Amino acid sequence: MVLDALHSDLEQRRDRALSGGPSVEREKLRAEGRLDARERVDALLDEGTFTELGLLATAPDRYAPADGKITGFGEIDGRTTAVASNDFTVLGASSSPVNNRKMRRLKDVAGKAGTPIVFLGESAGGRMPDSMGATSIAGGSDRLQYQRIRRSPWVSAVLGSCYGSSAWYASISDFTVMRKGATLGVASARLISVATGQTVDSEELGGWRV
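Using the UniProt record's numbering, you'd call the opening residue of the sequence shown number 1 and step up by one each time.
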């Protein structure tokens, strides 16, 4: 009986995590004719090959399915590939100590095995105040990735608003593609406007034409 109860609880937690962010956020994507983070993974990988890492991870102070970043391994045309897909419906896929650890684990395993990594980017940047201070530094932030030895090829797809980590991955990947209408930058136009007092347009800041 105890085992059955534990199994039932696990299945409920998995189902909840797989549902992603609030339905209103997913409906916005549908209205724009765009795929959500899990649909992107399904479209990229061979059917039935995806094994997820950290499905039950969440933020320490609130519920955040997979903590906004879907990571794991699958196959593309039969070749093993690592994939990280940002779920913008979950806190804007903002970076945190928890999902940083997920990303670090993915890069570590893929690097040692020589496995390609595909980053499906769309994120709001760092999650404040979670990404501040010693907790963030100890929580998986990996400065060595910016000096990486190319043990495995990296590919980035800029699929929406890509700020913070998504911008870094796009800039240091071996191959990067950008969807028309997407934007790329270290920080969002709104954040820059608040900091400088100037009006900044997202497209002019880092649109596909730039």
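Ideal Cβ positions, reconstructed from N, Cα and C, are used throughout, including at glycine. Nothing here was measured: the structure is a model prediction, and the numbers come from that model.
Exercise. Count the other CB atoms within 10 Å of the CB of Thr-71; is the residue buried (16 or more) or exposed (fewer)?
Worked result: buried
Exercise. Between which two residues does the alpha helix (DSSP H) carrying Gly-111 extend?
Worked result: 97-113
Exercise. Apart from the five residues on each side of it in sequence, which residues of its chain come closer than 7 Å, Cβ to Cβ, to Ala-187?
Worked result: Gly-125, Tyr-163
For this session: Would you grab the beta carbon distance between Gly-160 and Ala-182 for me? Rounded to a whole angstrom, and I think it's under 8 Å.
Result: 5 Å
Exercise. Where does Ser-171 fall in DSSP's three states?
Worked result: helix
For this session: Quick one: grab the DSSP three-state call for Glu-75.
Result: strand
Exercise. Over what stretch of residues does the alpha helix (DSSP H) that includes Glu-122 continue unbroken?
Worked result: No alpha helix (DSSP H) contains Glu-122, which is instead part of the beta strand (DSSP E) from 117-124.
Exercise. So is Ser-23 buried or exposed if we call it buried at 16+ other beta carbons inside 10 Å?
Worked result: exposed
Exercise. What is the rounded straight-line gap between the Cα of Asp-15 and the Cα of Gly-114?
Worked result: 32 Å
Exercise. For Pro-97, which of Thr-58, Pro-65, Trp-154 has the nearest alpha-carbon?
Worked result: Thr-58
Problem set entry | Option in Thr-51, Ser-165, Thr-80 with minimal Cα separation from Gly-92 | Ser-165
Problem set entry | Glu-25: first and last residue of the uninterrupted alpha helix (DSSP H) it sits in | 23-31
For this session: Return the CA-CA distance between Ser-94 and Ala-66, expressed in angstroms with no decimal places.
Result: 12 Å
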